Amino acid sequence: NHDFWGTLITYIGYVFLFVGLFVSLFWKGTHFWKLNNILKQVSKRKLATLAGLLVALNLQAQTVPSIQNNAQNSAGRSMPATRIIPAEQAAANTHIDKDHADKFGYLLVQNYEGRIKPMNTMALDVLRKLYKHESFHGLTANQWFLAISTDPMLWTQVPIIKVGPKGGDELKKLTRANDDGYTSLINLFPAGPDGMPHFALEREYNIAFRKKPAEQTNYDKEVIAVNDRVQVFNGILSGQYLRVVPVKNDINHRWNSWLDEKFESDKESQDVMGPYFMSVVMATQNGDWQKADAELEALKTYQQTWGKNVVPSETKIKAEVLMNKLNLFFKLLIFYTIVGGLLLILAFIELFRPSKILHRAVQVIIAIGVVGYIIHLLGLGLRWYVSGHAPWSNGYEAIVFISWVGITAGLALYRNSNALIPAAGFLVAVIMMGFAHGGSQLDPQITPLVPVLKSYWLIVHVAIITSSYGFFALSMLIAVITLMFYIVANRRVFKRHNEKTIRELTIVSEMSLTIGLFALTVGNFLGGVWANESWGRYWSWDPKETWAFISIIVYAFVIHMRLVPGLRGRYTYHVVTMFAFCSMVMTYFGVNYYLSGLHSYAAGDPIPVPAWVYIGLATMTTLSIVSWLRYKKHLTADKKSEWLED
Numbered sequence: 030n031h032d033f034w035g036t037l038i039t040y041i042g043y044v045f046l047f048v049g050l051f052v053s054l055f056w057k058g059t060h061f062w063k064l065n066n067i068l069k070q071v072s073k074r075k076l077a078t079l080a081g082l083l084v085a086l087n088l089q090a091q092t093v094p095s096i097q098n099n100a101q102n103s104a105g106r107s108m109p110a111t112r113i114i115p116a117e118q119a120a121a122n123t124h125i126d127k128d129h130a131d132k133f134g135y136l137l138v139q140n141y142e143g144r145i146k147p148m149n150t151m152a153l154d155v156l157r158k159l160y161k162h163e164s165f166h167g168l169t170a171n172q173w174f175l176a177i178s179t180d181p182m183l184w185t186q187v188p189i190i191k192v193g194p195k196g197g198d199e200l201k202k203l204t205r206a207n208d209d210g211y212t213s214l215i216n217l218f219p220a221g222p223d224g225m226p227h228f229a230l231e232r233e234y235n236i237a238f239r240k241k242p243a244e245q246t247n248y249d250k251e252v253i254a255v256n257d258r259v260q261v262f263n264g265i266l267s268g269q270y271l272r273v274v275p276v277k278n279d280i281n282h283r284w285n286s287w288l289d290e291k292f293e294s295d296k297e298s299q300d301v302m303g304p305y306f307m308s309v310v311m312a313t314q315n316g317d318w319q320k321a322d323a324e325l326e327a328l329k330t331y332q333q334t335w336g337k338n339v340v341p342s343e344t345k346i347k348a349e350v351l352m353n354k355l356n357l358f359f360k361l362l363i364f365y366t367i368v369g370g371l372l373l374i375l376a377f378i379e380l381f382r383p384s385k386i387l388h389r390a391v392q393v394i395i396a397i398g399v400v401g402y403i404i405h406l407l408g409l410g411l412r413w414y415v416s417g418h419a420p421w422s423n424g425y426e427a428i429v430f431i432s433w434v435g436i437t438a439g440l441a442l443y444r445n446s447n448a449l450i451p452a453a454g455f456l457v458a459v460i461m462m463g464f465a466h467g468g469s470q471l472d473p474q475i476t477p478l479v480p481v482l483k484s485y486w487l488i489v490h491v492a493i494i495t496s497s498y499g500f501f502a503l504s505m506l507i508a509v510i511t512l513m514f515y516i517v518a519n520r521r522v523f524k525r526h527n528e529k530t531i532r533e534l535t536i537v538s539e540m541s542l543t544i545g546l547f548a549l550t551v552g553n554f555l556g557g558v559w560a561n562e563s564w565g566r567y568w569s570w571d572p573k574e575t576w577a578f579i580s581i582i583v584y585a586f587v588i589h590m591r592l593v594p595g596l597r598g599r600y601t602y603h604v605v606t607m608f609a610f611c612s613m614v615m616t617y618f619g620v621n622y623y624l625s626g627l628h629s630y631a632a633g634d635p636i637p638v639p640a641w642v643y644i645g646l647a648t649m650t651t652l653s654i655v656s657w658l659r660y661k662k663h664l665t666a667d668k669k670s671e672w673l674e675d
């Protein structure tokens, strides 16, 4: 980037590329323009058929805490040798006032990454990690967190640590988990021969930890996961999640709990925190929460006084708590599942029994879906405001954003009352958001950006590239739907719809692929500009860069298949489109978790290839073979050939 003229000429070349790609979408006579015109002329008859599409994702998060520190920390505490307290009883005996707990949720706390956030966010994060739910037997996350913070030793007797089913009966027996799959801390630290507590899974953990991730069994993974949850509980006992006291005049803006960063007693913090937590204990006994409210306000005032340089605005605090309460994206997952499912069902019925009533019902459902789509956009905007950065900066945010783009693609390319197109868009959101809320590696919590990402290039480069994934996903789902149609359609239905609805779906798929390819190409070149401005080089063969380049080549081949004799058939196009999406899966997920590089999260040994990859490939292969046999039979009977549009 020290070569002024070379850089200038290169950037001018990029501009010509971007302008050329953009203009080709609208210039009269281009292939995209022809496709759009053909689409407008296609009959308004509709098609819908999708027997089922289920993607099961089971990615396990791997962390590597120290079991020795875990045992030492627990050994240093006097574990109460008392009976186990049932979870329902513990919740019923918790007398934390809900109104006060709601106020407590607005208290600020600093996490280990240095982010200042409301206590409500911290409480939800901890409860999700420990208990795998966002409430505890009628207690809100705020109530539960305040209760366990004021009497942590009591809660060591409560079965609150999740033991997943992957460990089987053997692990449940070893951890003494109940029928619901929960155990307590004292169950995990029984007294040894010396009378001191020891970690019940120490041997199993050491064995599992020594194995490479690819060699770990489900039992090993669950042992490690249980240990991670024990570390979370230890964090509660040591006050790691109660860093609510700003250190006066600290240049690093550190906040402490009753322990400082060296886990040594901090008298000043104890003097600040002590009156509040003592007032909470008293209030649980006498039911008078006025003093606790006053002490909480005093603590908030202290934070505003000594942490004024880093505390977020009151509006932003309220916005984050509102975002937590709404839990929009999980609710939208359910909403999109209903809308997409209804669209598919009604479109399938309309295929055989078209009527005005069905047509109107489809329009109403699409309109309802658009309302959810707008709420989705507002949710992204709210997360942007709360986090202070574009909502596509980590794995969870990117998946949620791609979901929105998938719906955008389905609605933007919706033509001629073909309900399958928007339905496919909603299904993209269902699959993506299902992964976002079901994959253990995608943490919904907001994380600070590393310095290099604090750039306007994040908004431009990442947004354009991730947008392309939504268009590619839409084309992939259209391909699956089309192949399913070939399988389930009889000769009469095939003859009626192959040259109308399937042709329309193929055109929409081509248009979606074209937009996705252009976005991926532009985003990739903009990444080169960002790299040149930041590090002085355009390209470094980083795994993400390389696989993005591979994906560009793959999809460029797909949209040019119409020019290759022998590859112009619609069946061939849809099969290749379906398998081409594997390159995007590798570009996004594979690079992130299997290859080490600037754009990835991988380090050291890669995690095992999840089972859904093999299941997906087997399903696509089976779908391709069966649909080909049916397609060939239909085409032979119809005595016609069908091609992609010229």
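Start counting at 1 in the sequence shown, then tack on 29, and there's your number in the numbering used here.
The beta carbon of each residue, even a glycine, is placed where N, CA and C say it ideally should be.
Since we're looking at a predicted model, the values are computed, not measured.
Which residues DSSP lists as bridging residue i, in chain order
i	result
residue 612	Beta-bridge pairing links residue 612 to no other residue.
residue 220	226
residue 437	In the DSSP output, where bridge partners are listed per residue, residue 437 has none listed.
residue 139	145
residue 168	165
residue 190	212
Three-way DSSP call (helix, strand, coil) for residue i in this model
i	result
residue 676	Here the chain covers residues 30 to 675 and nothing more, so residue 676 does not appear.
residue 55	coil
residue 161	coil
residue 298	helix
residue 284	strand
residue 593	coil
residue 478	coil
residue 270	coil
residue 275	strand
residue 422	coil
residue 131	helix
residue 207	coil
residue 247	helix
residue 198	helix
residue 659	helix
residue 498	helix
residue 473	coil
residue 120	helix
Outcome for residue i when other beta-carbon atoms lying within 10 angstroms are tallied against a minimum of 16
i	result
residue 219	exposed
residue 109	Residue placement at residue 109 is poorly supported in this model, since its pLDDT is 44, which falls under 50; the coordinates still yield a value, given next. Flag for residue 109 reads exposed.
residue 268	buried
residue 595	exposed
residue 418	buried
residue 56	exposed
residue 141	exposed
residue 139	buried
residue 576	buried
residue 32	exposed
residue 213	buried
Nearest neighbour of residue i, chosen from the options [CA to CA]
i	options	result
residue 157	593, 551, 233 and 474	474
residue 368	394, 390 and 375	394
residue 357	211, 462, 206 and 453	462
residue 260	238, 500 and 190	190
residue 47	547, 403, 270 and 489	547
residue 510	652, 557 and 113	652
residue 423	406, 396, 449 and 465	465
residue 194	255, 147 and 136	255
residue 321	330, 484 and 305	305
residue 9	365, 640 and 420	The requested residue 9 does not occur in the structure, where the chain is confined to residues 30 to 675.
residue 526	655, 442, 660 and 564	660
residue 433	404, 550, 505 and 230	404
residue 374	452, 340 and 314	452
residue 459	477, 443, 428 and 478	428
residue 206	192, 324 and 301	192
Residue-level contact to chain D via CB, residue i, 8 Å cutoff
i	result
residue 475	The structure shown contains no chain D; it is built from a single protein chain.
Next on the checklist: Could you check whether the region 564–574 touches the region 502–518, counting it as contact only if at least three pairs of C-beta atoms, one from each stretch, sit closer than 8 Å?
Outcome noted: no
Item to check | Contact the region 496–503 vs the region 525–533: 3+ CB pairs below 8 Å | outcome: Segment contact: the region 496–503 against the region 525–533, fewer than three CB-CB distances shorter than 8 Å; contact not assigned.
Next on the checklist: Between the region 574–588 and the region 603–613, can you find at least three pairs of beta-carbon atoms closer than 8 Å?
Outcome noted: yes
Item to check | the region 120–127 touching the region 162–178, judged by at least three CB pairs closer than 8 Å | outcome: yes
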